[in-house]
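The sequence shown maps to residues 6 to 218 in my numbering. The beta-carbon is built from N, C-alpha and C at its ideal position, and this holds for glycine as well. Just so you know, these numbers come straight off a predicted model, no measurement behind them. Structure record follows, encoded as structure tokens.
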Amino acid sequence: MTIGMNSEFDVNQTMQSVDGTPPRWNRKEAEAIYGMPFNDLLFLAQTIHRQNFDRNRVQLSRLLSIKTGGCPEDCGYCSQSAHYETGVKASKLMDVEHVIDEAAKARDGGATRYCMGAAWRSPKERDMDVVVAMIEGVKALGMETCMTLGMLDLEQAARLKQAGLDYYNHNIDTSERYYGEVIATRTFADRLETLGHVRAVGMKVCCGGIVGM
């Protein structure tokens with residue numbers, strides 16, 4: 006299924022929302038975007054960008070892996086998983102000072118948002134003080150903060166929000182129907198539960214998946 010600029014399916018209209026909340030997509034609309042010729046998709050993306058932002062500017066973000074490898078989850082697509090031989094060596098959680106130094110370099114290079122990701126199932130209590138200090142340190146540099154730390158309970162989400170975390174990245178990976186084919190160590194519902202906690206405390210959500218997996 007493909008759509009063009011004169012299609013009865015109006016992508017520009019679909020991407021608008023009256024109250025400023027993200028639009029809800031039905032299956033037909035999602036398939037239309039997926040089937041769109043790539044150059045048309047680029048054109049529409051730039052059109053929407055120009056409607057909302059400076060036409061020749063984009064936000065620069067920098068991502069740092071603050072804890073790499075050794076993850077107990079068995080996501081079939083991920084090189085960080087301890088279940089597979091991927092050549093990635095497991096590391097401990099980075100020192101706060103090192104993370105803040107790297108964030109300062111990112112800021113000086115033009116980045117305005119700094120995202121920190123940890124390869125584990127969920128943060129342990131001993132980790133929370135460290136990641137909170139990271140958030141506070143990066144915020145002190147005048148940057149937006151983002152983290153991806155796996156599953157959170159409501160109390161952990163509230164602590165991150167209180168520390169000043171702006172965005173929480175938590176991908177749903179694939180559809181609920183196909184989830185068990187890709188991941189066995191958690192469920193689709195587990196992912197939604199964390200997203201619910203993040204929204205409940207008022208943090209912004211970054212959430213994606215892998216199409217065609």
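Next item on the list: Check whether the region 136-152 touches the region 168-182, taking contact to mean three or more Cβ pairs, one atom from each stretch, closer than 8 Å.
Entry: Touching, per the Cβ criterion.
Checklist line | Nearest-angstrom Cα separation, counted from residue 90 out to residue 196 | finding: Taking the first residue of the sequence shown as position 1, residue 196 is located at position 191. Taking the first residue of the sequence shown as position 1, residue 90 is located at position 85. If you take the alpha carbons of residue 196 and residue 90, they lie about 25 Å apart.
Note to self: I'd like the span of the alpha helix (DSSP H) that includes residue 201, first residue to last.
What the structure shows: Start at 1 with the first residue of the sequence shown, and residue 201 comes out as number 196. Counting along the chain, the alpha helix (DSSP H) containing residue 201 begins and ends at 193-205.
Margin query: On a Cα-Cα basis, can you pick out the residue from 160, 54 and 68 that is closest to residue 105?
Written below: As a working mapping, residue 105 is identified with position 100 in the sequence shown. Nearest to residue 105 by C-alpha distance, out of 160, 54 and 68, is 68.
Next item on the list: Classify residue 136 as buried or exposed, calling it buried when 16 or more other Cβ atoms lie within 10 Å of its own Cβ.
Entry: Numbered from 1 along the sequence shown, position 131 holds the residue referred to as residue 136. Buried.
Check: Is it right to say residue 101 is buried, meaning 16 or more other beta carbons lie within 10 angstroms of its own, or is it exposed?
Finding: Taking the first residue of the sequence shown as position 1, residue 101 is located at position 96. It is buried - the Cβ of residue 101 has at least 16 other Cβ atoms within 10 Å.
Next item on the list: Note down, in chain order, each residue of its chain lying with its Cβ closer than 6 Å to the Cβ of residue 81, except the 5 sequence neighbours on either side.
Entry: For the purposes of this step, residue 81 is identified with residue 76 of the sequence shown, where counting begins at 1. Result list for residue 81: 187, in chain order.
Notebook entry, point to check: Going by alpha carbons, who is nearest to residue 72 out of 88, 30, 47 and 125?
Noted result: Translated into the one-based positions of the sequence shown, residue 72 becomes position 67. Out of 88, 30, 47 and 125, 125 has the C-alpha closest to the C-alpha of residue 72.
Check: Taking just the CA atoms, how far does residue 216 sit from residue 40?
Finding: Looking up residue 40 in the sequence shown gives position 35. Looking up residue 216 in the sequence shown gives position 211. Roughly 12 Å between the two C-alpha positions.
Notebook entry, point to check: Going straight from the alpha carbon of residue 63 to that of residue 88, what length do you get?
Noted result: Taking the first residue of the sequence shown as 1, we reach residue 63 at position 58. Taking the first residue of the sequence shown as 1, we reach residue 88 at position 83. When rounded, the distance between both Cα atoms is 37 Å.
Margin query: Using a Cβ-Cβ cutoff of less than 8 Å, which residues in the same chain neighbour residue 108 once the five nearest sequence positions on both sides are dropped?
Written below: The residue you call residue 108 lines up with position 103 of the sequence shown. If you ignore the 5 residues before and after residue 108, its C-beta comes within less than 8 Å of the C-beta of 67, 69, 119, 142, 143, 146 and 148, all in its own chain and listed in chain order.
Checklist line | Of the listed residues 28, 190 and 184, nearest to residue 76 (C-alpha basis) | finding: Translated into positions along the sequence shown, residue 76 becomes position 71. The shortest Cα separation from residue 76 among 28, 190 and 184 belongs to 190.
Margin query: Under 8 Å: do the region 158-165 and the region 109-117 share three or more Cβ pairs, one atom per stretch?
Written below: No: fewer than three Cβ pairs fall under 8 Å.
Item checked: Contiguous alpha helix (DSSP H) assignments of at least 4 residues, all confined to the region 112-143 -> Runs of the alpha helix (DSSP H) inside the region 112-143: none found.
Checklist line | residue 9 in three-state terms, based on DSSP | finding: Locating residue 9 in the sequence shown gives position 4, counting from the first residue. Note that residue 9 has pLDDT 44, beneath the 50 cutoff, so the model's placement of it is unreliable and no number is given.
Check: Looking at residue 159 and residue 123, is the spacing between their C-beta atoms short of 8 Å?
Finding: To locate residue 123, count along the sequence shown from 1; it is residue 118. To locate residue 159, count along the sequence shown from 1; it is residue 154. Result no, Cβ atoms of residue 123 and residue 159 do not sit closer than 8 Å.
Next item on the list: Use the C-beta contact count for residue 199: other C-beta atoms within 10 angstroms, 16 or more gives buried, fewer gives exposed.
Entry: Start at 1 with the first residue of the sequence shown, and residue 199 comes out as number 194. Its Cβ being crowded by 16 or more others within 10 Å, residue 199 is buried.
Checklist line | Contacting residues, own chain, Cβ-Cβ under 8 Å from residue 46 (five flanking each side not counted) | finding: As a working mapping, residue 46 is identified with position 41 in the sequence shown. If we look at residue 46 and ignore the five residues flanking it on each side, its Cβ neighbours are 38.
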